Each structure stands twice: as C-alpha cells, then as structure tokens.
Amino acid sequence: MEFISRRKFLKIGGASLAATTAIGNAKLFDSKRATELRQVPTFCDICFWKCGAIATIQDGKLWKVEGNPKDPLSRGRLCPRGSGGIGAHYDPDRLKTPLMRKSVRGEEEWVAVSWDEALGFIADKMKKIKADYGPEAMALFSHGIGGNFLKHMLKAYGSANIAAPSFAQCRGPRDVGFKLTFGEDVSSPERTDIRNAECLVLIGSHLGENMHNTQVQEFGDAIAQDAEIIVVDPRFSVAASKAKYYLPIKPGADLALLLAWMNVLVTENLYNQDYVTKYGFGFDHFVNEILPFTPEWAYPETGIEPDLIRQTARVMARHKPATLIHPGRHVTWYGDDAQRSRAIALLNALMGNWGVKGGFYYPVSMDIPGYPYPEYPHSERPKVDNPDNKYPFAHETITNGIREATLTGNPYPIKGWLVYATNLMHALPNEKETIQAIQNLDLMVVIDVIPAEIAGWADVVLPESVYLERYDDLNVEWFREPFTALRQPVIDPPHDQKPNWWIAKTLAEKLDLGHYFPWKDIEEYLSYRINQAGLSYEQLKSEGILLGEKQPIYFSEGVPDVFPTPSGKIEFYSLQLAQAGFDAVPKYTKPPQPPPGYFRLLYGRSPVHSFSRTQSNRILMDMMDENEVWINQDVAGRYGLKSGDYIRLKNQDGVVSNRIKVKATERIRTDCVYMIHGFGHNSRMLKFAYEKGVSDAQLITQYTVDPLMGGTAMNVNFVTLELEA
Amino acid sequence: MARFAMVIDTVKCVGCMDCVVACKTENKVPEGFNRDWITTDAKGKFPTVQMEIRSERCNHCDNPPCVYCCPTKASHVHDLGGVVLVHHHMCIGCKACLASCPYDARFIHPDGYADKCTFCIHRVEKGLDPACVAVCPTHCMYFGDLDDVESQVSKLLLERKNHALIPEAGTRPEIYYLI
Ligand code: SF4
Chain A
1 MEFISRRKFL
11 KIGGASLAAT
21 TAIGNAKLFD
31 SKRATELRQV
41 PTFCDICFWK
51 CGAIATIQDG
61 KLWKVEGNPK
71 DPLSRGRLCP
81 RGSGGIGAHY
91 DPDRLKTPLM
101 RKSVRGEEEW
111 VAVSWDEALG
121 FIADKMKKIK
131 ADYGPEAMAL
141 FSHGIGGNFL
151 KHMLKAYGSA
161 NIAAPSFAQC
171 RGPRDVGFKL
181 TFGEDVSSPE
191 RTDIRNAECL
201 VLIGSHLGEN
211 MHNTQVQEFG
221 DAIAQDAEII
231 VVDPRFSVAA
241 SKAKYYLPIK
251 PGADLALLLA
261 WMNVLVTENL
271 YNQDYVTKYG
281 FGFDHFVNEI
291 LPFTPEWAYP
301 ETGIEPDLIR
311 QTARVMARHK
321 PATLIHPGRH
331 VTWYGDDAQR
341 SRAIALLNAL
351 MGNWGVKGGF
361 YYPVSMDIPG
371 YPYPEYPHSE
381 RPKVDNPDNK
391 YPFAHETITN
401 GIREATLTGN
411 PYPIKGWLVY
421 ATNLMHALPN
431 EKETIQAIQN
441 LDLMVVIDVI
451 PAEIAGWADV
461 VLPESVYLER
471 YDDLNVEWFR
481 EPFTALRQPV
491 IDPPHDQKPN
501 WWIAKTLAEK
511 LDLGHYFPWK
521 DIEEYLSYRI
531 NQAGLSYEQL
541 KSEGILLGEK
551 QPIYFSEGVP
561 DVFPTPSGKI
571 EFYSLQLAQA
581 GFDAVPKYTK
591 PPQPPPGYFR
601 LLYGRSPVHS
611 FSRTQSNRIL
621 MDMMDENEVW
631 INQDVAGRYG
641 LKSGDYIRLK
651 NQDGVVSNRI
661 KVKATERIRT
671 DCVYMIHGFG
681 HNSRMLKFAY
691 EKGVSDAQLI
701 TQYTVDPLMG
711 GTAMNVNFVT
721 LELEA
Chain B
726 MARFAMVIDT
736 VKCVGCMDCV
746 VACKTENKVP
756 EGFNRDWITT
766 DAKGKFPTVQ
776 MEIRSERCNH
786 CDNPPCVYCC
796 PTKASHVHDL
806 GGVVLVHHHM
816 CIGCKACLAS
826 CPYDARFIHP
836 DGYADKCTFC
846 IHRVEKGLDP
856 ACVAVCPTHC
866 MYFGDLDDVE
876 SQVSKLLLER
886 KNHALIPEAG
896 TRPEIYYLI
C-alpha cells in the first residue's frame, strides 16, 4: 500500500503488523489456526507468454499464484488467466492416467494403462513406422515451451516434421509480411514499444480482451500517458472504447484502408522522409503503385469516410516516429494476410519507427548455451508440409501442410502424429479434414493436461502434469531486457501425470535413442546450461528469474541499423515477391461477401480464457462459462431476439452449432456476428465444459490459404441465425 | 482515524476481470460466487458508442444500511479504516443485509453466513494492497486513506472528475470511479 503514508499507516495498523509475521495469515478469519506458508517462483503456462510467477502453498495445499516482481514480462502482475492458474491443478476433469483406445477412433472409450505399457506401445509403433515408411513419416504438432523435449526426441528419431498452429493459423502472415519488409519478424513477445508510443493504431487487435500480459500493461501505460489511440475493428472492442478515433471498418477491407492511409501520407508528404531516404529501397516504385488508392477509392470498400481516413493519417504523421501501427497477432483472416501485414509493415516504415523509441525495439536476450547433444540423423527427405516450395515465404512448418500430406500421402505418407498441448480440432479449420487425415494414421498420440477434443481421436493419451507440477526448459527470453526464467514444480501432481521432459526421455530410451538424453534428470540439464553461462542455478531456483545486463534496443542506443533483406534496406518494393509472381507492393482484392441473410462469422479472445484450453478451469469458468454471439441490436430486433435468448448458427455448408446465448448490442456492425473462440466442447471427458457455448471452429469449414506462406484464413465463413422453435 | 477508500480509473480499466480472479483465489471465494465483478455500461448507437467499464464490489459505505439492519451485530464497521465486515460466527444467514444493500454486494456463503468484499483487510493490516488492486494489469485501481490528504487516493479525487455509485441511496459509498 505504497500510497498511504507509511508513518500514518504504522500508527493505525502497528499492533496487527506486529502480530502477523507469517505471510498471508488471514488474521481476522483464521486466527485460531496458524498456517504454514511456502512460496516457490516459477513461470506461468496458462498461455504461451510465460510470465514470471510466485506460487504460495498453504499447509501443503496450493493457495494462489501471483506475479514475480522481478519478472520483466509480468512486472509482478499476472493476467486473469495466470491469476486463476491454480484451477488447472485442481481441475477434476484433467487427464489422470495414461489411456489406450478400446474401440474405434473418436469413440472415446478407454482403458487405463501404466506408463510403461503406453510408452512401450508407442515405441513399438514408431519403430515399425520408421522401418516401413522412414522416420519422416512421424509428425509432431506442438504448442508452447513444453514441447521442446518432444521436438528434440522427434529430431533424434529422424523427423523434422514439427509444426505449431501458431504459425499457419495465427501469427505466421504477420511475421512473413514484416520479414519481407524489414528482414526480421515481430517475434513473441512482440517487439512493439507500446509504452513509449504517442500514437497507437490497433487494427483488429483487441488488447484488453486479448490478454497478453505485457501488451495489455503497456496499453494501460499508453492510455495513462494520453497516447492518441486509433482503433479499426468491425466490433466496438474494449480498445475502441479507449480510442480517440474508432473506424468501424467493413470486415475484409483492412488492406484497402492501409493503402489509402499510405496514399495520404505519400501525397501529402507526411511520411518520415529522412528515414525513408536513408533506409528505404524501391520507394519511387512504391509511390507509383500507391497513387491510385485514394481515400475516395477506399470509401466504398471500407465504409470509412475519406475525411476520417485523411484525418487519422495526419494524426499518425503528427506523432511520428513514435506512432506504432500494431501488427496484431492472430491475423489469419481473409487470405490476403501476409500482404496486409506487409502493408502494416510499410505503414510503420513510413513513420520511420523500426528501431526507434515508440515503434519497434530490437529485442535482446541472455547468452545461455544449449546442452551438447549428438548430431541429429541426416534426413534424405525435406519436410513434408510445403512440397515444391509452393508457399515460397513460409519460414516455419505449415500445420495444414502436414495434415494435407497425411490425407494424400504426397509428397510422402505421414503415418504417425504426436500432438502436444494443442487442440487441433479447435485450432485447424475444417475439422472434417483433420478427422479424415487421422484415419490414415498407424499411430495417433495426444499428450496434454486436459482431454480436449483431439484426445478423443487418439490411440494413446498421455496425461501431462500441469506447469505448477513440473520443470520445463529454460525460458531464455528475447525482450526489452535480457532475462532467463525457470519453471519448477510447486506441488506434486495429484494423480499419475508426468512432465513432458520425462515422457520425451523415457520414450527416447524405449526407441534406443537414450544417448540423445544423456542427462539423468532435468535438473542436471538445467543446471548444466545455467552453470555453462557462468550463472548460479541456486539463485535461479530461489528467485525464479535471472536478469542480464541492459543492452541497447534502439538505433539511437547503438543497435546497428542493418536490415537483413535482399537489398539490405527496408523493402518498399519487394523484388523477391515480384520474382515469385506476387505483388511487389500490396494490392487489395475484395474478399467474398456474405450472401443475403448471412452474417460474416468473426471470433476473438476473452481475457479469462486461453484458446480451448481453459474451459474446465473452474475459477476461470466462474468468470465466463459460455460464449455469446454478438448481434447488432437492430438486427436482433428484426429477428425478434433479445440478449439472453438462445439460438443456433448455421453456416454456408449447413453445419449447425450448439445453442448459443444472444448478446444484442450496439457494439458491432450489422453485417457480421462475433463470438469468443474456445467454447462449445464436445469431448465427453470434459464434463464441466461439455456443450457450454459454441465452437467457432466447428463453423469454420471454409478457409482461404495465403498464397505467400500457406496460412489458413478463417474469417471467410458466413452464418444464418436459427431461432429455437 | 483512517477512512479507507478505493479509487478506480475507468479510463484505464479494460474489464479483464483480473480483480475478480485475484480476489477469488486470495480469499478462497467458493465456486459459483464472486466478491467483485465487472460492469460494462455502453451508451449510444453504433458506431458512436461510449463505454464505461467498472470493477465493482461492496462500497464499504460510511453510512452502511447492512450494518444497521443486522439483528446480531455480525455486520459491523471495523475499527481500522471504517471497513464494513461480517463476523462469520455471529451471522445467522437471515439475508437482511443482502436485501438492504443497494449494490447487491453480498451473498450467502455455502457455509451459511453473509459474505462479501473485506477490502482484504488481512492484507491491508500487513501493509499490502487488497488483492484486486495489487493484481490489476493496467494499474487502474488505487487503495488508501481519505483522511490523509497526502494519500494518492485523496489527490486523485481532487485532480480528476469522478463519481460514486447510486449516491442517491445515501449510503456514502467509499469507492470512487475516475472518468
Ligand atoms: S499472459 Fe497471463 S496466461 Fe499468459 S503467461 Fe502471462 S499470466 Fe500466464
């Protein structure tokens, strides 16, 4: 309570201060019972942001998880999901013991087996797949830092077919668009200098609802410092309520708006001329291409008045270079996503903010050596996901490319899937394709903490201990300031769950690959790496975080101003795109529009849930236990609907959803509807979450593939409102 | 004397419910109940909408009807900071206080007593902020002593426009919203 004068405070509370020494002793309510408290630092895993946390154990029971004040990501404050992290440990529906399938895939009929039996079965199958099809026929889908040891195991086995939906179903287009422009991507955590921005532009990014901790904290800083905020969104988001300018764009027209903004900046000479002259490549060509795209041209596409387009472009220019056009994160929307992201990169380049305070900083990290492992076996066959380099700018593995190969057997068959901590049924579009692909497998393994839908399709399900019960790999983060964090167990797993490192190592041993895991246990691995870096493992264990020395993060501080693009400059005109047959400067194509009577289905994030992974966390479900469909008030009125009514949605392919609650609101356009992603579970093992709300993924049967990088755009589905009889 | 109050900056609040979750774990609030909650007031017609987001809870009123109506004196004003509290062992669960509270801040705990926000007095006594204030990712909440003119809460109320909830009920609420 730093705000009450200390002297005065001591006077008031002196007596009780003296009486309470143990932390958290709720004197008023627990005075008869002395409690024993223990605190352990670790880092969060409710999402992938990896905030530093301190868990408190009271009398042997997990009480709470709070932010670690030393942690630069959380600055001592976890987000709501992280604060509710204990719910993952206590979740009664979590996986408890290894399970083997008893009947056909998808029937969810299981026998509980020992770890030895489960891993022995998997190892035998993997050996057979290797003998019959080669090691590349095994693929791994993985999400988060917990996948590191499994990835290592699969590479040792001989396959590089390892993918995460975070690329082709999420941030991939953004990273490709920025790489094409600046030679580097935006990375995670995003290198956005939000807290120093004087003008912040959010395009579809709903910070505050999307709860990536540092981003939201810095958004708060920006608001407090009176940054001018411009929000572009078909929905009046929380961020929109903080904005000076809200642009209620027609869904799908973002690229048209971006082109028009750039047109204004160029024609009115408002861009950062010194910066562009110094660092830009192909600017003249760019100018020529951008000239036709006036605000008047953009108006019918976007629905945004030309005056407002001009006015907001001028606001951006006024604050340059401290104007940040946020690149977003989940940007697989319409199929033009890499080019739209490139347009965002170019707009930022016009501000001259890359490497500059209030724009994009250069992230730094600590130098922690890896563990010396034997070399991975050489593979004769390239990765399976992108045959003939069809998507020439995909710099990570394409999940849907692996799915496609599994379906078709081309360029070679995939016969085994390991799926770690990602619910592919909700992450990949068109679940039918996923289910069909699974039918072609000889082995399907799911390793997870909860029995998500994808587990229902497995042959073997392996229960992982939750983050509060396990060690993981070090988080050697790339951020504003260099630091390394440790995840360590706070409490024992309640049943027969095991940490991923143990699963990977034990499976490797059964595959005769034990020499790839030369350490006896993970602490030997972790302490080796930390000691090699000349740091103290004991200190890391007791503090949870080791901070490195401050390093320059802006050009002005001495970061070398080099751009690893082909021209060595910021590419306003991209020869590599032109050579590959794409637009060298982004162009807009209108995406298909909803037929009469249909609404475009949009989805987004809730601050109290992570994807489809938290709907059996009872604490978070007490915050929000079903999703709603947002419908414009007038539209709702026309259908005779009011908030609280239940309806179903039917998509263009005839897929009908569960029942979903209506939110009739003035906060959305009339041509689209919106829901939070992650609900509507139909895994029977998720007893509590079962059929609460609707899964957007179920309605996303259509997707448009980004021609540059293979990402799947998912805002291309249309639904009708089906009233209950 | 101290007069504890909370000042919440609605301009910064994003309504993420971290305050609700942190309270829930800190105070072991049972499943199905929360001691604080988020209210979103949206006005206007799309796209010209104004929105105020508020983190709400017991207002620890200076003139608390829930204390006056309690037949057993379980509901009481704590001598530290004027915090309104309930002695669980004295509460008979009659719900008179639930009915009297204009903010609907109270509920009956499954163990039978009336329960609500305590301003985390067990933390405040140790010099800590209430759990909701300590966790807020946008730092939009402030806790302190209004009798101390130097406190940040006092200063914020002087500097910024603010309002309290249902002032016409005459309860003299001690939670203030900056606008
Ligand atoms: S952002 Fe939230 S859920 Fe993600 S790691 Fe941080 S505290 Fe955990």
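The listed protein sequences derive, respectively, from chains A and B.
The working numbering numbers the first residue of the first sequence as 1 and each following residue consecutively.
The working numbering numbers the first residue of the second sequence as 726 and each following residue consecutively.
By construction, the Cβ of each residue, glycine as well, lies at the ideal position given by its N, Cα and C atoms.
This one's a predicted model, so the numbers in the text were calculated from it and none came from an experiment.
Tell me whether Lys569 of chain A counts as near ligand 1, meaning its Cβ is closer than 8 Å to at least one heavy atom of that ligand. no
Please report the straight-line C-alpha distance between Cys816 of chain B and Val476 of chain A, rounded to a whole angstrom. 52 Å
Could you tell me whether any non-hydrogen atom of ligand 1 is closer than 8 Å to the CB of Leu73 of chain A? Because some heavy atom of ligand 1 lies under 8 Å away, the Cβ of Leu73 of chain A counts as near it: yes.
Is Ile54 of chain A close to chain B? Criterion is C-beta to C-beta, closer than 9 Å. no
What did DSSP end up calling Gly280 of chain A once you bin it into helix, strand or coil? strand
Beta-bridge pairing of Tyr246 of chain A - partner residues as DSSP gives them: A:Val231
Alpha-carbon spacing of Tyr690 of chain A relative to Glu453 of chain A, whole angstroms: Looking at the two C-alpha atoms, the distance is approximately 10 Å.
Quick check on DSSP: helix, strand or coil for Met776 of chain A? With chain A covering only 1 through 725, there is no way to say anything about residue 776 of chain A.
Write down the C-beta distance between Leu708 of chain A and Tyr391 of chain A rounded to the nearest angstrom, noting that I regard them as a contact closer than 8 Å. About 6 Å; that satisfies the 8 Å criterion.
Could you run through the segment 731 to 758 of chain B and flag, in chain order, every residue whose CB is less than 7 Å away from some CB of chain A? Correct list: Val736, Lys737, Val739, Gly740, Cys741, Met742, Asp743, Val745, Val746, Ala747, Lys749, Thr750, Glu751, Glu756, Gly757.
Ligand 1 and His212 of chain A: does the residue's C-beta get closer than 8 Å to at least one heavy atom of that ligand? yes
Exposed or buried, Leu546 of chain A, counting other C-beta atoms within 10 Å across all chains shown (16 or more means buried)? So Leu546 of chain A ends up on the buried side.
Applying a beta-carbon distance threshold of less than 9 Å, which residues of chain A neighbour His864 of chain B? Arg77, Gln217, Gly220, Asp221, Ala224
Glu756 of chain B vs Arg618 of chain A beta-carbon contact at 9 Å: The Cβ-Cβ distance between Glu756 of chain B and Arg618 of chain A falls below 9 Å.
Distance cutoff 9 Å, beta carbons only. Does Lys770 of chain B sit that close to anything in chain A? yes
Tell me which residues of the segment 80 to 98 of chain A have at least one Cβ-Cβ distance to chain B shorter than 9 Å, keeping chain order. Pro80, Arg81, Gly82, Ser83, Gly84, Gly85, Ile86, Gly87
Can you list, in chain order, the residues of its chain whose CB lies under 7 Å from that of Phe286 of chain A, leaving out five sequence neighbours each side? Excluding residues within five positions, the ones whose Cβ falls inside 7 Å are Phe572, Tyr573, Val585.
Name the residue from A:Asp385, A:Val40, A:Arg77 whose alpha carbon lies nearest to the alpha carbon of Cys51 of chain A. A:Arg77
Which residues in chain B have a C-beta closer than 9 Å to the C-beta of Arg669 of chain A? List them in chain order. Correct list: Phe771, Pro772.
Count the other C-beta atoms from every protein chain shown that fall within 10 angstroms of the C-beta of Ile891 of chain B, then say buried if there are 16 or more, exposed otherwise. exposed
In three-state DSSP terms, what is Asn410 of chain A? Of the three classes helix, strand and coil, the one that applies to Asn410 of chain A here is coil, per DSSP.
Any heavy atom of ligand 1 closer than 8 Å to the CB of Arg487 of chain A? no
Let me make sure I understand the geometry here. Which of A:Asn272, A:Leu346, A:Gly280 has the alpha-carbon closest to that of Arg318 of chain A? A:Asn272
Exposed or buried, Arg171 of chain A, counting other C-beta atoms within 10 Å across all chains shown (16 or more means buried)? buried
DSSP has Tyr690 of chain A in a bridge; who is on the other side? Per DSSP, A:His681.
Using only the heavy atoms of ligand 1, determine whether one of them is closer than 8 Å to the beta carbon of Trp762 of chain B. no
In chain A, which residues lie with their C-beta within 8 Å of the C-beta of Ile778 of chain B? Val238, Ser241
Who are the neighbours of Ala799 of chain B on chain A, taking C-beta pairs under 9 Å? In chain order: nothing, as chain A lies at least about 13 Å away.
Using only the alpha-carbon positions, how far apart do Thr843 of chain B and Ser616 of chain A sit? Straight-line measurement puts the Cα of Ser616 of chain A at about 28 Å from the Cα of Thr843 of chain B.
When DSSP labels each residue in this structure, what does Pro300 of chain A get in the three-state scheme? Pro300 of chain A: helix per DSSP, three-state reduction.
If we count the other Cβ atoms within 10 Å of its Cβ and call it buried at 16 or more, is Tyr793 of chain B buried or exposed? exposed
Coarse secondary structure for Ala533 of chain A, derived from DSSP in three states: coil
Under the rule that 16 or more other beta-carbon atoms within 10 Å means buried, what is Asn288 of chain A, buried or exposed? exposed
Determine the DSSP secondary structure at Gly177 of chain A, reduced to helix, strand or coil. helix
Can you check DSSP and say which residues form a bridge with Met866 of chain B? B:Ile733
Residue environment, Ala824 of chain B, which counts as buried when at least 16 other CB atoms sit within 10 Å: exposed
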